[in-house]
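Contents: one structure, followed by commentary.
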Amino acid sequence: MLKKLLKYELYSTARVFLPFYLALLVLSVVARTTVWNYTPHPDSTWMDILLGLSLGFYIIAIVAVFLLTTVVSVVRYYRNLYGDEGYLMQTLPVTADQLLWSKLLISSLWSVLSMGMILLSLGILVWQKETWLIAFQEIAAAWNREIAPLWTGSMTLAVVEFCALCLFSTIVSTLSYYTAITLGQLMGKHRILGAVVSYIGITIVIELFVTFVTTVLMPVVAGPVAERFLVVIDESGQVAQEATISNAMAVVHGFLWFLAAMVLIQGVAQYLLTRWVMVHKTNLA
1 MLKKLLKYEL YSTARVFLPF YLALLVLSVV ARTTVWNYTP HPDSTWMDIL LGLSLGFYII
61 AIVAVFLLTT VVSVVRYYRN LYGDEGYLMQ TLPVTADQLL WSKLLISSLW SVLSMGMILL
121 SLGILVWQKE TWLIAFQEIA AAWNREIAPL WTGSMTLAVV EFCALCLFST IVSTLSYYTA
181 ITLGQLMGKH RILGAVVSYI GITIVIELFV TFVTTVLMPV VAGPVAERFL VVIDESGQVA
241 QEATISNAMA VVHGFLWFLA AMVLIQGVAQ YLLTRWVMVH KTNLA
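Quick note, the sequence shown lines up with residues 1 to 285 if you use my numbering.
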């Protein structure tokens with residue numbers, strides 16, 4: 001049933017996102033055409049206006065796409081589960097877990113796609129073959145000369161860990177909205193106000209948790225971490241480059257896992273709370 005929910009959610013949201021993506025790409029092409037054909041001239045007022053309008057609409061489109069994921073995710077979650085469609089959802093043979101995961105996964109997918117479309121539109125706007133070809137060649141040469149000799153598998157793993165952490169953080173951030181909306185249903189006739197108050201409360205709790213971790217737990221581990229970060233000196237008195245890099249990467253991995261643990265605690269707490277309210281208070285079992 002989860003597969004059917006995912007397919008339904010994807011099709012329903014695609015009707016909203018795809019037109020926005022198309023508009024963003026069209027506006028990026030228009031802005032590119034205007035920018036690269038613009039020639040400053042005292043009598044070219046209309047060209048100045050056209051340039052300003054094209055760039056202005058393009059920036060608005062970027063902001064719209066950036067905010068669209070959150071808006072669509074919040075609105076669909078509320079309407080599908082607690083609006084008029086919620087009564088239909090209660091008749092389906094689905095669980096609260098399936099409902100939550102279908103919303104979270106599709107929302108995360110659109111978050112990634114939206115970021116990709118924004119980057120693609122920026123590429124369309126600034127791309128110039130000759131200039132960028134030279135830039136890529138210089139970057140590749142600098143990479144091969146300065147970075148490649150020092151690059152290790154541990155660094156590749158750190159990049160993968162960072163990307164996974166960003167994706168995981170996106171899911172948990174979306175879950176914060178879902179938790180607030182779900183808690184807001186306990187407020188009777190003031191559900192939207194309850195959702196807003198709940199979100200503020202969740203934000204305060206998270207800030208207190210982060211403050212506790214950084215002021216109480218961080219000093220406990222700061223000493224060992226600092227020792228691992230110390231530069232290693234070999235027998236000849238020279239810096240042992242490989243050992244120093246290895247120690248530094250150990251610190252990076254530890255820091256990323258520390259952040260992942262904090263996000264995991266937040267995510268699990270919000271998920272369990274949301275699920276409990278859905279099952280025991282809203283009859284969305």
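Note that the Cβ used here is the ideal one computed from N, Cα and C, for glycine as well.
Self-check item: Sequence-distant residues of the same chain with beta carbon closer than 8 Å to Leu-256, five excluded per side
Solution: Position 256 of the sequence shown, counted from the start, is the residue given in the question as residue 256. Excluding residues within five positions, the ones whose Cβ falls inside 8 Å are Ala-158, Glu-161, Phe-162, Leu-165.
Practice problem: Please say whether Ser-102 and Thr-174 have beta carbons closer to each other than 7 Å? | Solution: Here residue 174 refers to the residue found at position 174 of the sequence shown. Here residue 102 refers to the residue found at position 102 of the sequence shown. With respect to the 7 Å criterion, Thr-174 and Ser-102 are not classified as neighbours on the basis of their beta carbons.
Quiz prompt | Continuous alpha helix (DSSP H) stretch holding Val-63: start and end | solution = Taking the first residue of the sequence shown as 1, we reach residue 63 at position 63. Membership of Val-63 in the alpha helix (DSSP H) is indicated by the continuous run 45 to 82.
Practice problem: Following the continuous alpha helix (DSSP H) through Thr-13, name the residue where it begins and the one where it ends. | Solution: Counting from 1 along the sequence shown, the entry for residue 13 is found at position 13. Counted as a single uninterrupted DSSP element, the alpha helix (DSSP H) harbouring Thr-13 occupies residues 2 to 36.
Quiz prompt | Nearest-angstrom Cβ-Cβ length linking Tyr-309 and Ile-181, presumed shorter than 8 Å | solution = Any answer about residue 309 is impossible in this case: the structure gives the chain only from 1 up to 285.
Practice problem: Within the region 148 to 203, note down every full alpha helix (DSSP H) run reaching 4 residues or more, in order along the chain. | Solution: DSSP assignment within the region 148 to 203 yields the following whole alpha helix (DSSP H) runs of 4 residues or more, N-terminal first: 153 to 184.
Self-check item: First through last residue of the alpha helix (DSSP H) which encompasses Lys-103
Solution: In the sequence shown, counting from the first residue as 1, residue 103 sits at position 103. Under the DSSP assignment, Lys-103 falls in the alpha helix (DSSP H) whose first and last residues are 96 to 126.
Quiz item: Can you list, in chain order, the residues of its chain whose CB lies under 7 Å from that of Ala-261, leaving out five sequence neighbours each side?
Solution: Sequence index remark: in the sequence shown, residue 261 carries index 261 (1-based). The same chain holds no residue with a CB closer than 7 Å to that of Ala-261 once the five nearest residues on each side in sequence are set aside.
Self-check item: Test item: CB-CB of Ala-96 and Val-277 under 7 Å
Solution: Here the question's residue 96 lines up with position 96 in the sequence shown. Here the question's residue 277 lines up with position 277 in the sequence shown. No, the Cβ-Cβ distance between Ala-96 and Val-277 is not below 7 Å.
Quiz item: Would you call Met-1 buried or exposed, if buried means 16 or more other Cβ atoms sit within 10 Å of its Cβ?
Solution: Within the sequence shown, residue 1 is the residue found at index 1, counting from 1. Answer is exposed; the Cβ neighbour count stays below 16.
Quiz item: How about Leu-125 and Ser-54: do their beta carbons lie closer than 7 Å?
Solution: For the purposes of this step, residue 125 is identified with residue 125 of the sequence shown, where counting begins at 1. For the purposes of this step, residue 54 is identified with residue 54 of the sequence shown, where counting begins at 1. Going by C-beta atoms, Leu-125 is not nearer than 7 Å to Ser-54.
Quiz item: Taking Cβ positions, are Leu-24 and Met-89 nearer each other than 7 Å?
Solution: Translated into positions along the sequence shown, residue 24 becomes position 24. Translated into positions along the sequence shown, residue 89 becomes position 89. Contact flag unset, no.
Exercise. Measure the C-alpha to C-alpha separation of Val-94 and Tyr-177 and round it to an integer number of angstroms.
Key: Indexing the sequence shown from 1 puts residue 94 at position 94. Indexing the sequence shown from 1 puts residue 177 at position 177. Looking at the two C-alpha atoms, the distance is approximately 21 Å.
Exercise. For my contact list, Leu-183 and Ser-198 are in at a C-beta cut-off of 8 Å; report their separation, rounded to the angstrom.
Key: Numbered from 1 along the sequence shown, position 183 holds the residue referred to as residue 183. Numbered from 1 along the sequence shown, position 198 holds the residue referred to as residue 198. Confirmed, about 4 Å.
Quiz item: Along the chain, where does the alpha helix (DSSP H) that runs through Trp-132 open and close?
Solution: What you label residue 132 is simply residue 132 of the sequence shown in a count that begins at 1. Trp-132 -> alpha helix (DSSP H) spans 129 to 142.
Exercise. Alpha carbon to alpha carbon, how far is Val-216 from Phe-20? Give it in angstroms, no decimals.
Key: By one-based count along the sequence shown, residue 20 stands at place 20. By one-based count along the sequence shown, residue 216 stands at place 216. Taking the straight line joining both Cα atoms gives about 45 Å.
Quiz prompt | Residues of its chain near Val-16, where Cβ-Cβ distance is below 8 Å and the 5 sequence neighbours each way are ignored | solution = The residue labelled residue 16 in the question sits at position 16 within the sequence shown. Cβ neighbours of Val-16 beyond the five flanking positions: Leu-68, Val-72.
Quiz item: So Leu-186 and Leu-99 are in contact, right, with Cβ under 8 Å, and what is the actual spacing, rounded?
Solution: Position 186 of the sequence shown, counted from the start, is the residue given in the question as residue 186. Position 99 of the sequence shown, counted from the start, is the residue given in the question as residue 99. Cβ-Cβ separation between Leu-186 and Leu-99: approximately 18 Å, too far for a contact (criterion under 8 Å).
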